[in-house]
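Taken in sequence, the protein lines are chains A and B. Sequential numbering of the first sequence, starting at 14, is according to the working numbering. Sequential numbering of the second sequence, starting at 4, is according to the working numbering. Note that beta-carbon positions come from the ideal geometry of N, C-alpha and C, so glycine has one too. No experiment lies behind these values; they were computed from the predicted model shown. Accompanying notes for the structure given below.
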Amino acid sequence: MLVHYLPLIIMIAIGAIFGLTNIIMAEILGPKRSTRAKLSTYESGMEPVKSARERFTVKFYLVAMMFILFDIEVVFMYPWAVQFKSLGMYGFTAMILFMVLLFSGYLYVVKKGALKWD
Amino acid sequence: MGIDLFGSLPLVVIWLALGGVGIVIQAFVRDNTRLVFGYYISTLIATGVLAALTFGHTGLTFDGMVTMGGSGAFFDILFCVTGILTMLAARPYLQREDSEIDEFYTLLVSAVSGMMLMAHANNLVVLFVGVELMSISFYVMAGFFRKSIRSIEAALKYFLLGAFATGFLVYGMALVYGSTNALDYATITSVVRAGTTPFPMLLAAGVTLMAVGLCFKIAAFPFHQWAPDVYQGSPTVVSAFMSTAGKAAAFSAFIPAFTMLMPVGAGASYVMNMQLALAVIAAVTMLVGNISAVAQSNVKRMLAFSSVAHAGYLLMGIVSGTAAGHQAIVFYLTAYTFMQLGAFVIVSILERENDGHLEFSDYAGLSKTHPVLAFLMAMFMFSLAGIPPFAGFFGKYMLFIAAIDSGFTWLTIIAVVSSVISVYFYLGLVVKMYFSDPVGEGHATNPGTAALTLGVAAAFTVLLGVLPSVLQSMFTAFH
Numbered sequence: 014m015l016v017h018y019l020p021l022i023i024m025i026a027i028g029a030i031f032g033l034t035n036i037i038m039a040e041i042l043g044p045k046r047s048t049r050a051k052l053s054t055y056e057s058g059m060e061p062v063k064s065a066r067e068r069f070t071v072k073f074y075l076v077a078m079m080f081i082l083f084d085i086e087v088v089f090m091y092p093w094a095v096q097f098k099s100l101g102m103y104g105f106t107a108m109i110l111f112m113v114l115l116f117s118g119y120l121y122v123v124k125k126g127a128l129k130w131d
Numbered sequence: 004m005g006i007d008l009f010g011s012l013p014l015v016v017i018w019l020a021l022g023g024v025g026i027v028i029q030a031f032v033r034d035n036t037r038l039v040f041g042y043y044i045s046t047l048i049a050t051g052v053l054a055a056l057t058f059g060h061t062g063l064t065f066d067g068m069v070t071m072g073g074s075g076a077f078f079d080i081l082f083c084v085t086g087i088l089t090m091l092a093a094r095p096y097l098q099r100e101d102s103e104i105d106e107f108y109t110l111l112v113s114a115v116s117g118m119m120l121m122a123h124a125n126n127l128v129v130l131f132v133g134v135e136l137m138s139i140s141f142y143v144m145a146g147f148f149r150k151s152i153r154s155i156e157a158a159l160k161y162f163l164l165g166a167f168a169t170g171f172l173v174y175g176m177a178l179v180y181g182s183t184n185a186l187d188y189a190t191i192t193s194v195v196r197a198g199t200t201p202f203p204m205l206l207a208a209g210v211t212l213m214a215v216g217l218c219f220k221i222a223a224f225p226f227h228q229w230a231p232d233v234y235q236g237s238p239t240v241v242s243a244f245m246s247t248a249g250k251a252a253a254f255s256a257f258i259p260a261f262t263m264l265m266p267v268g269a270g271a272s273y274v275m276n277m278q279l280a281l282a283v284i285a286a287v288t289m290l291v292g293n294i295s296a297v298a299q300s301n302v303k304r305m306l307a308f309s310s311v312a313h314a315g316y317l318l319m320g321i322v323s324g325t326a327a328g329h330q331a332i333v334f335y336l337t338a339y340t341f342m343q344l345g346a347f348v349i350v351s352i353l354e355r356e357n358d359g360h361l362e363f364s365d366y367a368g369l370s371k372t373h374p375v376l377a378f379l380m381a382m383f384m385f386s387l388a389g390i391p392p393f394a395g396f397f398g399k400y401m402l403f404i405a406a407i408d409s410g411f412t413w414l415t416i417i418a419v420v421s422s423v424i425s426v427y428f429y430l431g432l433v434v435k436m437y438f439s440d441p442v443g444e445g446h447a448t449n450p451g452t453a454a455l456t457l458g459v460a461a462a463f464t465v466l467l468g469v470l471p472s473v474l475q476s477m478f479t480a481f482h
């Protein structure tokens, strides 16, 4: 039974060796000539304006949350669409119900003004 | 297999009424708490009635993932009744605190729907969804007084610790799945009973982790430390609901899950150890709950520790592992729900703004200023202490008998001792109410619809104590 996990272990080992080798080789072989621009926060050369540790308005989180909700909804639809024929009427009804429940939640969100920016 | 539509009706109706209709009503109606309140009360009544109708209609539905009728339907009725009683008590309380927002009722009904799913679960994933639905609603309800620091503290503590405990539960489920290759209860039971799993250690670890997750939800030692802070900080009606319906829901999931994981005469060797571990947890929970309650001066904290102690008594039924033990749990849960709810609702009626009037000393001479409330409180305290003729006595009696019959006499002795300790603080409150003089002037109280809650809770506390056979006769339909 455990032998079925062998490919997984080999995969993990290859991943670990590949990652570690790259880091160690870069550390040994890479030339180190640092300049001020290279050591700044953004290596692209953008000047940092101020500290990134500040409080963001809750609106960002609201939008992000809604996005995840409806994003996941679509993810659920792919397997359903692939298996559409074999699931038949039962799957169709279940999916419609799921969509209706989510849509009523969407109505609530819009009506409560959660998506208004100002 | 598909769906048995009639048997699934209680679940389907509460979901559609909540997610399909209730949310839309709230989207278009603004600040009409009366309408929303009435709508959700009727939703819970309809769900409860449907559960009662499907009581005898046992079997499986939703492709075998959900059970119908029997004990699940019984718990549905209990959750719906508790939900209705809490809503009746919550409306005047929230209006007094000037924070009645209609979403409170939505969250409450959503918690009830999660509890129903827990009671009906026949599949580990369904159990997980139910637990999360209930817990997330609770996290929000605990922080419902957004301007109170204590309420926010309660919500944050409950959320962080609760999420952590859910992690234990899920990881346990994953290990059980990994070692038995099944998610549905029947298959897992057959694998456990035959002892055919190639990974017995993983299975034992999974069962232990699931026990940790569930013990957190029932607030058993050593996973009980959240209970006093959360119950003290939350709005009092929310504490009432969490400590009664929430605990009942956790046990409604605990019973089938551990009947499945620790079947009688199982081949897996961990079963005996697990039973002993749960027995020790039960014993320590009772002692810690009751001894800590003695030291409290705040009534809400006292009730919180008493709810920890009651989780210990209830665990005795799980430890016994017999049908009699499980029936004793159901009986005691029903009795406990009414008496604990009643006690918390009285606290919520007497409470004043900014956590005022919550100390033991504030209850001095209550029999002179509020004779009816003092009388009911005394009755609930007697029942919680397990003094006949109230419901608490028969519940404890049945649990103790079940534990003795399965050979846990030492556990019963500890239970009796700790229940003697509990008499000290339960009756301490009664003595304060009846044999001290009131300090300062009594304030006017207006219980409103909460009076109905108290009436029903008191009626059941007496009825179940005088005629326990009313409930026992329903148990024949279980399993």
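Is it the case that the Cβ atoms of PHE219 of chain B and ALA168 of chain B are separated by a distance below 7 Å?
yes
Using alpha carbons as the reference points, say which of B:ALA222, B:PHE341, B:LEU306 lies closest to ILE284 of chain B.
B:ALA222
Against LYS124 of chain A, what residues of chain B qualify as contacts under a CB-to-CB distance less than 7 Å, listed in chain order?
ALA30, PHE31
Report yes or no: do the stretch 120-140 of chain B and the stretch 178-197 of chain B share at least 3 C-beta pairs separated by less than 8 Å?
yes
On the criterion of 16 or more Cβ atoms from any shown chain inside 10 Å, does PRO13 of chain B qualify as buried, or is it exposed?
buried
Against VAL27 of chain B, what residues of chain A qualify as contacts under a CB-to-CB distance less than 8 Å, listed in chain order?
SER117, LEU120, TYR121
Considering only C-alpha positions, which residue in the set A:ILE41, A:GLY104, A:PHE80, A:LEU33 is nearest to TYR119 of chain A?
A:PHE80
Taking 7 Å as the CB-CB cut-off, is TYR74 of chain A touching chain B?
no
At what residues does the alpha helix (DSSP H) containing LEU52 of chain A begin and finish?
49-52
DSSP state of ALA185 of chain B, grouped into three classes?
coil
In the DSSP assignment, the beta strand (DSSP E) including GLY451 of chain B goes from what residue to what residue?
It is not in any beta strand (DSSP E) - GLY451 of chain B carries neither H nor E in the DSSP assignment.
If contacts are defined as beta-carbon pairs under 8 Å, then PHE131 of chain B and MET176 of chain B qualify, I think. What distance do you get, rounded to the angstrom?
6 Å
So ALA230 of chain B and VAL311 of chain B are supposed to be a Cβ contact under 8 Å. How far apart are they, rounded?
5 Å
Here's the rule: buried if 16 or more other CB atoms are within 10 angstroms of the residue's CB, otherwise exposed. What is THR57 of chain B?
buried
Chain B beta carbons: is any one of them nearer than 7 Å to that of LEU11 of chain A?
No answer is possible for residue 11 of chain A: it lies beyond the span of chain A, which begins at 14 and ends at 131.
Using the Cβ count rule (16 or more neighbours within 10 Å means buried), how would you classify PRO238 of chain B?
buried
Alpha carbon to alpha carbon, how far is LEU33 of chain A from LEU42 of chain A? Give it in angstroms, no decimals.
14 Å
Between the stretch 90-109 of chain A and chain B, which residues of the former have CB atoms less than 8 Å from a CB of the latter, in chain order?
TYR103
Residue(s) in a DSSP beta bridge with THR464 of chain B:
DSSP output for THR464 of chain B lists no bridge partner at all.
Helix, strand or coil at GLY395 of chain B [DSSP, three-state]:
helix
Note down the Cα distance separating LEU97 of chain B from GLU103 of chain B, rounded to an integer number of angstroms.
5 Å
Rounded to a whole number of angstroms, what is the C-alpha to C-alpha distance between TYR273 of chain B and GLY73 of chain B?
29 Å
Can you name the residues of chain A whose CB is closer than 7 Å to the CB of GLY23 of chain B?
VAL113, LEU114, SER117
Could you tell me the alpha carbon to alpha carbon distance between PHE244 of chain B and ALA29 of chain A, rounded to whole angstroms?
50 Å
Which of helix, strand or coil does DSSP assign to ALA222 of chain B?
coil
Kindly indicate the opening and closing residues of the beta strand (DSSP E) around THR64 of chain B.
62-64
What does the Cβ neighbour count give for VAL95 of chain A, buried or exposed, with the cut at 16 atoms within 10 Å?
exposed
Which of the three DSSP states, helix, strand or coil, is assigned to VAL132 of chain B?
helix
Start-end ranges of the beta strand (DSSP E) lying completely within the stretch 51-130 of chain B, minimum 3 residues:
62-64, 69-71
Flag this pair as touching only if the stretch 328-347 of chain B and the stretch 73-91 of chain B have three or more C-beta atom pairs under 8 Å; answer yes or no.
yes
Run through the stretch 366-432 of chain B for me and flag every whole alpha helix (DSSP H) of 4 or more residues, listed as ranges in chain order.
369-372, 374-388, 394-408
CA-CA distance, VAL24 of chain B and MET118 of chain B?
20 Å
Check each candidate in B:ALA367, B:LEU120, B:VAL420, B:PHE397 and name the one with the smallest Cα separation from ILE294 of chain B.
B:VAL420
Within chain A, the residues that GLY5 of chain B reaches when beta carbons sit closer than 9 Å
TYR103
Leaving aside the five residues before and after VAL2 of chain B along the sequence, list all residues of the same chain whose C-beta is less than 6 Å from its C-beta, in chain order.
Any property of residue 2 of chain B remains undetermined from this structure, which presents chain B solely from 4 to 482.
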